[in-house]
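Asks:
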Amino acid sequence: MDLSISHAQAQRLLKQRNLLAIGCATLFGVSVLLTLTAASRDREVVLQPVLARPLTLSSSHIDKDYLELVTRDAALLTLNRSPSNLQYWMDSILEITDPRTHGRMKAELMKVFSEQNGSNVSQYFTIEKLTVDPEGLTSEVNGILHTVVGSKEVTAEARTFRFVWSYSGVSLKLAGFGQVTGKGANGKDADRQNTTGREDA
Numbered sequence: 590m591d592l593s594i595s596h597a598q599a600q601r602l603l604k605q606r607n608l609l610a611i612g613c614a615t616l617f618g619v620s621v622l623l624t625l626t627a628a629s630r631d632r633e634v635v636l637q638p639v640l641a642r643p644l645t646l647s648s649s650h651i652d653k654d655y656l657e658l659v660t661r662d663a664a665l666l667t668l669n670r671s672p673s674n675l676q677y678w679m680d681s682i683l684e685i686t687d688p689r690t691h692g693r694m695k696a697e698l699m700k701v702f703s704e705q706n707g708s709n710v711s712q713y714f715t716i717e718k719l720t721v722d723p724e725g726l727t728s729e730v731n732g733i734l735h736t737v738v739g740s741k742e743v744t745a746e747a748r749t750f751r752f753v754w755s756y757s758g759v760s761l762k763l764a765g766f767g768q769v770t771g772k773g774a775n776g777k778d779a780d781r782q783n784t785t786g787r788e789d790a
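Following this note's numbering, the numbering of the sequence shown begins with 590 at its first residue and continues without gaps.
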């Protein structure tokens with residue numbers, strides 16, 4: 590009798606242990622599946638403050654409106670400078686630069702810094718047209734580049750500048766920029782003169 594009871598208890602404990610093992614295995618499988626699903630999903634960030642409408646960033650592609658906004662701000666940052674703000678100008682550009690092109694960009698910016706530091710030459714850019722290519726991660730701005738010596742404007746010339754971007758995750762970084770020669774406005778014959786868009790004069 591005692592043997593029969595002990596056998597029944599052992600069977601019951603074995604059954605409970607098996608059920609527990611199956612439950613643990615199921616939970617582990619579900620956890621792994623959820624982890625893989627979360628890792629494979631596109632990351633999204635919704636941007637709304639100070640924008641005309643909400644923008645959503647996805648890791649699968651760059652939003653056209655977002656690229657336009659970033660290009661506009663980048664153009665105002667990179668193409669407007671004076672001797673008094675050169676350090677801020679250079680540091681701000683390097684902050685948005687792709688780490689892979691950081692060294693080359695800094696070398697070009699240092700050339701401008703050395704040439705303009707201590708002078709009385711300033712420049713500012715007025716945007717007239719802006720075009721973007723989200724697929725190619727490029728954008729162009731057309732407008733007038735003004736050069737000022739002291740308090741007198743000495744030149745005001747039509748210029749086109751191209752910006753090249755890199756996009757990883759939901760991070761957009763500046764890979765390079767410069768003045769376009771040739772057709773411009775995304776024309777096939779257009780070339781960038783340099784990475785900073787600086788005037789050689």
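For every residue, glycine included, the Cβ atom is placed at its ideal position computed from N, Cα and C.
Since the model is a prediction, treat every value here as computed from it, not as a measurement.
Using 8 Å as the cut-off, can you tell me whether the segment 691-705 makes contact with the segment 716-730, which would need three or more C-beta pairs spanning the two stretches below that distance?
Replies: Contact between the segment 691-705 and the segment 716-730 is absent, because fewer than three Cβ pairs lie under 8 Å.
Asks: Report the option in Val659, Arg689, Phe702 and Thr660 whose CA atom is closest to the CA atom of Asp680.
Replies: The residue given as residue 680 occupies position 91 in the sequence shown. It is Phe702.
Asks: Short of 6 Å in beta carbon distance, which residues of its chain neighbour Ser671, apart from the five on each side in sequence? Order them along the chain.
Replies: The count along the sequence shown starts at 1 and reaches residue 671 at position 82. If we look at Ser671 and ignore the five residues flanking it on each side, its Cβ neighbours are Ser711.
Asks: Helix, strand or coil for Ile648? Go by DSSP, reduced to three states.
Replies: For the purposes of this step, residue 648 is taken as residue 59 along the sequence shown, with counting starting at 1. For the record, residue 648 in the displayed sequence is Ser; it is not Ile. Coil, per DSSP.
Asks: Excluding sequence positions up to five away, which residues of its chain have a Cβ less than 7 Å from the Cβ of Ala664?
Replies: One-based indexing of the sequence shown puts residue 664 at position 75. Phe714, Ile716, Val730 and Phe750.
Asks: For Glu724, which three-state DSSP category applies?
Replies: Along the sequence shown, read from residue 1 onward, the residue named residue 724 stands at position 135. If DSSP states are grouped into helix, strand and coil, Glu724 belongs with coil.
Asks: Would you say Thr660 and Ala764 are within 8 Å of each other, going by their C-beta atoms?
Replies: One-based indexing of the sequence shown puts residue 660 at position 71. One-based indexing of the sequence shown puts residue 764 at position 175. Not a contact, by the Cβ cut-off of 8 Å.
Asks: Residues in its own chain within less than 7 Å of Ala745 by CB, not counting five upstream and five downstream?
Replies: Residue numbering aside, residue 745 sits at position 156 when the sequence shown is read from its first letter. Ile733 and His735.
Asks: In three-state DSSP terms, what is Asn709?
Replies: Here residue 709 refers to the residue found at position 120 of the sequence shown. Correct three-state label for Asn709: coil.
Asks: Tell me, to the nearest whole angstrom, how far the beta carbon of Leu666 is from that of Ile682; I am working on the premise that it is less than 8 Å.
Replies: Position 77 of the sequence shown, counted from the start, is the residue given in the question as residue 666. Position 93 of the sequence shown, counted from the start, is the residue given in the question as residue 682. Confirmed, Cβ separation roughly 7 Å.
Asks: Contact defined as beta carbons within less than 8 Å: I believe Leu656 pairs with Ser728. What is the distance between those atoms, to the nearest angstrom?
Replies: In the sequence shown, counting from the first residue as 1, residue 656 sits at position 67. In the sequence shown, counting from the first residue as 1, residue 728 sits at position 139. Going by Cβ atoms, the distance from Leu656 to Ser728 rounds to 6 Å, so yes, they are a contact pair.
Asks: Between Val738, Ala747 and Val743, which lies nearest to Gln805 when the distance is taken from Cα to Cα?
Replies: With the chain covering only 590 through 790, there is no way to say anything about residue 805.
Asks: Would you list the one or two residues that DSSP bridges to Trp754?
Replies: Counted from its first residue, the sequence shown places residue 754 at position 165. Leu763, per the DSSP bridge assignment.
Asks: If I measure Cβ to Cβ from Lys741 and keep anything under 7 Å in the same chain, skipping five residues before and after, which residues do I get?
Replies: Position 152 of the sequence shown, counted from the start, is the residue given in the question as residue 741. Closer than 7 Å at the Cβ level, and outside the excluded window around Lys741, lies no residue.
Asks: Between the Cα of Leu646 and the Cα atoms of Asp687, Leu761, Glu684 and Asp722, which residue gives the shortest distance?
Replies: Translated into positions along the sequence shown, residue 646 becomes position 57. Closest by alpha carbon: Leu761.
Asks: Buried or exposed: Gly771, going by 16 or more other Cβ atoms within 10 Å of its Cβ?
Replies: The count along the sequence shown starts at 1 and reaches residue 771 at position 182. Exposed: under 16 other Cβ atoms inside 10 Å.
Asks: Can you tell me where the alpha helix (DSSP H) with Arg682 in it begins and where it stops?
Replies: As a working mapping, residue 682 is identified with position 93 in the sequence shown. As written in the sequence, residue 682 is Ile, which differs from the Arg given in the question. From DSSP, the alpha helix (DSSP H) with Ile682 extends over Leu675 to Glu684.
Asks: Would you decide whether Gly707 is buried or exposed? Buried here means 16 or more other CB atoms lie within 10 Å of its CB.
Replies: Here the question's residue 707 lines up with position 118 in the sequence shown. Result: exposed.
Asks: Out of Asp722, Asn709 and Thr686, which has the shortest C-alpha to C-alpha gap to Asn674?
Replies: The count along the sequence shown starts at 1 and reaches residue 674 at position 85. Comparing Cα positions, the closest option is Asn709.
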